Amino acid sequence: MKRVILANNNEDEVIQKAVNILNNGGLVIYPTETCYGIAVDATNNQALKKLLSYKTFRGSKPISVAVSDIDMAKKYVEINEMAQNIYKNYLPGPITVISQSTGALEPPVVSKQGTTGIRIPDYELVLKLIKELGKPITATSANVSYKAHPYSIDQLVKDLPQKSKKLVDMYIDDGKLPQNTPSTILDTTMNTLSVLREGKIEFEDAILKSTLLEERSTDNPKETAKFGKWFAKEYLKGLDGAVVVALSGELGAGKTQFTKGIGKGLRSKDIVNSPTYTIINEYRYGRKILAHMDTWRLTDEDDFNRSGLMEHLKEGRIVVIEWADKFYQEIEKACRESNIPMYKISFQYLSLEKRRIKIYGTN
Amino acid sequence: MVLTKEELKYKPLILGIDTSCDDTSVALVRGREVLSSECSSQTELHSEFGGVVPNLARRLHEENIEEVYNRALNNNPGMINNVDYIAVTQGPGLAIDLEVGIQYAKELALRYNKPLVPVNHMEGHMYSSLLLNSKGHGLLSDTQLLDSFPALALLMSGKHTEIVYVKGVGKYKKLGQTLDDAAGEAFDKVGRLLNLGYPGGPVVSEFAKKGKRGNITFTTPMRNSNDLNFSYSGLKTAALYKAKDLREKGIAEREWIYDFCRGFVDAVIDSVAIKLRPAIERKRRIKSIFVGGGVFNSEEILRSVGRIAKEYNLNFYYPEIEYRSDNAAMIGISGYFNVLQKNFLVEKGDIEILDRNPRMSL
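Protein sequences appear in the order of chains F and W. In case it helps, our numbering puts the first sequence at residues 1 to 363. In case it helps, our numbering puts the second sequence at residues 1 to 362.
Below is the structure:
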């Protein structure tokens with residue numbers, strides 16, 4: 001009998017049976033804390049092919065895998081700092097964490113971008129099963145495409161086409177599952193932390209070698225903007241030719257507020273707002289253009305080179321760059337090669353509203 | 001301009017192109033009907049991974065555009081001959097990205113001798129709620145459309161947060177906008193400071209559903225500003241501080257994170273309400289509210305605006321889920337309304353000199 005009712009059987013025997021089937025490239029339906037899933041050995045290409053024909057049409061959508069713990073996950077994906085945090089805080093649980101694959105797995109459990117979604121189900125039986133198998137299993141819901149997520153074996157079987165039914169080797173039936181929603185997906189592949197950290201060291205190094213021009217503590221965002229206005233009047237007004245103003249500081253440290261002040265100081269009537277999504281905002285003042293850049297969403301040098309920064313510098317514009325520390329090396333090189341002056345400005349949190357702002361000149 | 005029923009009977013075939021954002025998008029519309037709508041990330045959507053928003057690695061418009069264009073024409077290149085107009089986003093957006101779409105649109109217009117319609121991306125979001133499916137079904141008929149103005153448009157995305165008074169097609173007045181971060185950006189940045197990956201916005205919305213209201217609260221930004229502008233950078237900073245505080249207290253993240261997200265989402269919902277209500281009261285004659293932009297992927301935020309519309313007895317028009325984030329179908333429909341107003345370029349010389357406008361505004 002393919003259907004094994006968990007309540008009536010010895011759990012270890014059920015697990016052993018499932019492991020044997022999976023080791024032989026078979027398909028096992030299993031319960032999770034979200035809904036019934038379908039498992040094959042995620043490292044077995046033949047079994048994965050069988051799974052795809054079970055699911056009927058799916059296009060090129062990747063399939064997630066379930067592991068027993070973070071150590072098993074590490075064999076198949078690169079766990080960066082952000083992923084580490086999520087594993088620590090939320091797993092096991094109804095969350096799928098996307099990370100870069102190490103190359104040990106292949107499509108369809110790897111996406112076109114070379115990423116894999118990993119889950120650690122909050123379900124004792126499944127964790128024991130994976131541990132016993134010693135390899136990840138697929139973690140896709142057991143329904144075929146366009147059918148509802150199955151919360152009971154009866155409902156699943158009712159919806160299954162004959163062709164798919166024939167492919168199943170075992171149903172682990174743990175009764176009716178609570179109707180929990182599918183897992184939440186957390187993509188950790190755009191972890192800017194490491195890029196930032198390297199850049200930050202370079203930036204801080206450069207600051208040490210530079211002249212401290214001004215230093216001020218501001219009590220609130222308005223004062224931060226005022227300081228920006230003062231800086232623009234004192235250092236940027238009437239300048240001809242390109243200048244880079246490189247800003248560095250945490251989320252919410254006042255970089256955009258300061259730039260607002262620069263806009264005011266240059267007498268721009270445009271509203272200065274965050275360029276995080278546009279990458280570069282442009283504001284008019286007189287007959288000139290102030291460029292306001294943000295590298296927060298840029299992941300690598302290619303992204304940076306495609307931003308259009310160089311074009312603005314060639315036009316001889318003032319360019320204010322938020323998160324400049326992330327790409328400090330590239331910015332410094334551009335300035336050095338074209339002989340463009342750079343101001344470096346650091347923002348530090350003192351309290352919720354208070355900031356310490358330091359302005360440095362060229363080395 | 002005031003549209004007439006007669007004018008709306010003209011339903012030209014329009015090719016829409018948008019490269020103002022991370023995605024390369026091309027769509028084909030007939031009047032308000034969407035015949036196809038394609039984008040570069042579509043084939044790679046991690047559906048199993050829950051509709052992950054495309055990341056910047058796909059921001060390669062030059063490499064994507066040909067393929068997306070072919071898909072939009074259903075791989076039938078001859079189809080371009082039947083197209084009546086080419087519509088393209090002129091701004092706002094990153095100059096270097098806009099350039100790719102405009103260049104491509106110009107080449108098509110010149111090679112196939114089609115008029116070119118420059119479109120404002122934000123006008124696209126504004127009209128995304130008026131799109132119909134390929135069977136001609138949607139929220140409103142042509143007759144209802146004629147009777148939906150004047151209106152207010154609430155546009156909320158990663159880049160923009162604004163309230164616009166829409167007197168009629170082509171007649172807009174911006175009543176308020178964000179002074180710093182856009183709402184969608186605040187969502188993603190809070191997701192980031194909670195270490196929930198990027199884009200964290202959808203995760204924050206998802207987690208908020210599991211949270212308990214009132215356990216963790218944030219002050220609604222701009223409550224006392226006496227204008228219709230928005231600001232989310234203070235909320236972001238407050239969130240950063242609260243997260244730091246909770247972490248320092250040593251409470252496990254999974255104990256507070258859901259309530260934290262709940263509090264944040266509630267503050268955003270409230271920030272919208274406190275600006276939308278006075279805007280409606282200021283423009284007493286409006287008949288409808290249009291919404292557009294990726295923030296409305298959050299059904300909760302969408303419904304909160306819908307409730308306000310109902311309270312004031314206004315029509316409420318919102319886009320289907322696939323047209324909330326950036327897409328080219330909305331560029332097509334915006335192109336359509338521009339065509340009806342005779343806003344398009346025909347002369348070779350005019351087409352050649354069309355330039356991007358990165359800081360375009362309504």
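Cβ coordinates follow ideal geometry from the N, Cα and C atoms, glycine included. All values derive from a computational prediction rather than experimental measurement.
- request: Identify whether T405 of chain W lies in helix, strand or coil by the three-state DSSP scheme.
  value: Not covered by the structure: residue 405 of chain W. The range shown for chain W is 1 to 362.
- request: Could you work out which residues of chain F lie near S36 of chain W, taking near to mean beta carbons separated by less than 9 Å?
  value: Ordered by position in chain F, no residue passes the 9 Å Cβ test against S36 of chain W, which lies about 17 Å from the chain.
query: Going by beta carbon distance, what residues of the same chain come within less than 6 Å of A138 of chain W, once the five residues before and after it are set aside?
result: Correcting the residue type first, residue 138 of chain W is Gly in the shown sequence and not Ala. By the criterion of a C-beta distance shorter than 6 Å, G138 of chain W is surrounded in its chain by L132, once the five residues flanking it on both sides are discounted.
field: Contact check, E185 of chain W vs T362 of chain F, beta carbons under 8 Å
entry: It is not a contact, given that the beta carbons lie outside the stated cut-off.
field: For E315 of chain F, three-class secondary structure by DSSP
entry: Note: E315 of chain F maps to coil in three-state DSSP.
query: Taking I280 of chain F as the reference, which of F:D294, F:G134, F:S346, F:Q46 has the closest Cα?
result: Here the closest residue by C-alpha is F:D294.
Y10 of chain W, buried or exposed, once every other Cβ within 10 Å from all chains shown has been counted against 16: Here Y10 of chain W is exposed: its Cβ has fewer than 16 other Cβ atoms, across all protein chains shown, within 10 Å.
message: Within 10 Å of its beta-carbon, does Y146 of chain F have 16 or more other beta-carbons around it, so buried, or fewer, so exposed?
response: Flag for Y146 of chain F reads exposed.
- prompt: What are the start and end residues of each continuous alpha helix (DSSP H) run of 4 or more residues lying completely inside the region 285-320 of chain W, in chain order?
  reply: Here the runs fully enclosed are 299-311.
query: Quick one, which residues of the region 162-183 of chain W are near chain F if we go by CB-CB under 8 Å, in chain order?
result: Within the region 162-183 of chain W, the residues whose Cβ lies closer than 8 Å to some Cβ of chain F are Q177, T178, L179, D180, D181, A182, listed in chain order.
task: Measuring only between beta-carbons, confirm whether I137 of chain F sits less than 8 Å from chain W.
output: So no, I137 of chain F is outside the interface.
query: Rounded to a whole number of angstroms, what is the C-alpha to C-alpha distance between S338 of chain F and D325 of chain F?
result: The straight-line gap separating the alpha-carbon atoms of S338 of chain F and D325 of chain F is approximately 19 Å.
Contact list for G197 of chain W against chain F, beta-carbon separation under 9 Å: Ordered by position in chain F, the residues that pass the 9 Å Cβ test against G197 of chain W are M82, A83, I86, V97, I98, I185, L186, D187, T188, T189, M190, N191.
query: Taking the alpha carbon of N44 of chain F as the point to measure from, which residue in F:N305, F:Y87, F:R356, F:G134 has its own alpha carbon closest?
result: Closest by alpha carbon: F:G134.
Same chain, Cβ closer than 6 Å to A57 of chain W, five either side skipped, listed in chain order: Low per-residue confidence applies at A57 of chain W: pLDDT is 45, beneath 50, and the placement is therefore not dependable enough to give any value.
task: Could you tell me whether the Cβ of G114 of chain F comes closer than 8 Å to any Cβ of chain W?
output: False, the Cβ-Cβ gap to chain W never drops below 8 Å.
message: Could you check whether P161 of chain F and V110 of chain F sit closer than 8 Å to each other, using their CB atoms as the reference points?
response: Not closer than 8 Å, so no.
task: Take the Cβ of D300 of chain F as the centre, count every other Cβ of all protein chains shown within 10 Å, and call the residue buried at 16 or more, exposed below.
output: With a threshold of 16 other beta carbon atoms within 10 Å, D300 of chain F falls short and is exposed.
task: Examine chain W for any beta-carbon lying closer than 8 Å to the beta-carbon of T256 of chain F, and answer yes or no.
output: Yes - at least one Cβ of chain W is within 8 Å of the one on T256 of chain F.
message: With distance defined between alpha-carbon atoms, name the residue in W:L28, W:A151, W:N76, W:N229 nearest to V88 of chain W.
response: Nearest C-alpha to V88 of chain W: W:L28.
query: What residues from the region 227-253 of chain W come within 8 Å of chain F, judged by C-beta to C-beta, listed N to C?
result: Flagged, chain order: S233, G234, K236, T237, A238, L240, Y241, A252, E253.
message: Are the CB atoms of D84 of chain W and P202 of chain W within a distance shorter than 8 Å?
response: In this structure, D84 of chain W does not lie closer than 8 Å to P202 of chain W by Cβ.
message: Taking CB distances under 8 Å as the criterion, tell me whether E300 of chain W reaches chain F.
response: False, the Cβ-Cβ gap to chain F never drops below 8 Å.
field: Proximal residues of chain F, C-beta to C-beta of A95 of chain W below 9 Å
entry: I280, E282, G308, E311, H312, listed in chain order.
Interfacial residues, the region 249-275 of chain F to chain W, with Cβ spacing under 8 Å: Those residues of the region 249-275 of chain F that come within reach of chain W (Cβ to Cβ, closer than 8 Å) are E250, L251, G252, T256, Q257, K260, D270, I271, N273, S274.
field: Segment contact flag, the region 221-229 of chain F with the region 347-361 of chain F, C-beta cutoff 8 Å, min 3 pairs
entry: Because the criterion of three Cβ pairs below 8 Å is met, the region 221-229 of chain F and the region 347-361 of chain F touch.
query: Excluding the five sequence neighbours on either side, which residues of its own chain have a C-beta within less than 6 Å of the C-beta of T43 of chain W, listed in chain order?
result: Confidence at T43 of chain W is low in this model, with a pLDDT of 41, below 50, so its placement is unreliable and no value can be given for it.
- prompt: Any beta-carbon of chain W closer than 8 Å to the one on N143 of chain F?
  reply: Taking Cβ atoms only, chain W never reaches closer than 8 Å to N143 of chain F, which makes this a no.
- prompt: When you compare each of F:D187, F:Q257, F:I86, F:T32 to S101 of chain F by their alpha carbons, which one comes out closest?
  reply: Closest option to S101 of chain F, Cα to Cα, is F:D187.
message: So the candidates are F:L350, F:A206, F:R197; which of them puts its Cα closest to the Cα of K333 of chain F?
response: When only C-alpha atoms are compared, the closest one is F:A206.
query: List, in order along the chain, the chain W residues whose C-beta lies closer than 9 Å to that of L350 of chain F?
result: Ordered by position in chain W, no residue passes the 9 Å Cβ test against L350 of chain F, which lies about 12 Å from the chain.
query: Span of the alpha helix (DSSP H) holding S25 of chain W?
result: Where S25 of chain W is concerned, there is no enclosing alpha helix (DSSP H), although the beta strand (DSSP E) it sits in stretches over 25-30.
message: Below 8 Å on the Cβ atoms is my contact criterion, and I expect Y151 of chain F with L177 of chain F to pass it. Report the Cβ-Cβ distance as a whole number of Å.
response: Between Y151 of chain F and L177 of chain F the beta-carbon gap is near 5 Å, inside 8 Å, which marks them as a contact.
query: How is A104 of chain F classed by DSSP in three states: helix, strand or coil?
result: In the structure shown, A104 of chain F falls within a coil segment according to DSSP collapsed to helix, strand and coil.
message: Can you tell me which residues form a DSSP beta bridge with G176 of chain W?
response: Beta-bridge pairing by DSSP links G176 of chain W to W:I163.
- prompt: Does at least one heavy atom of the ligand SAH sit under 7 Å from the Cβ of I357 of chain F?
  reply: Although the ligand SAH was asked about, the structure shown includes no ligands whatsoever.
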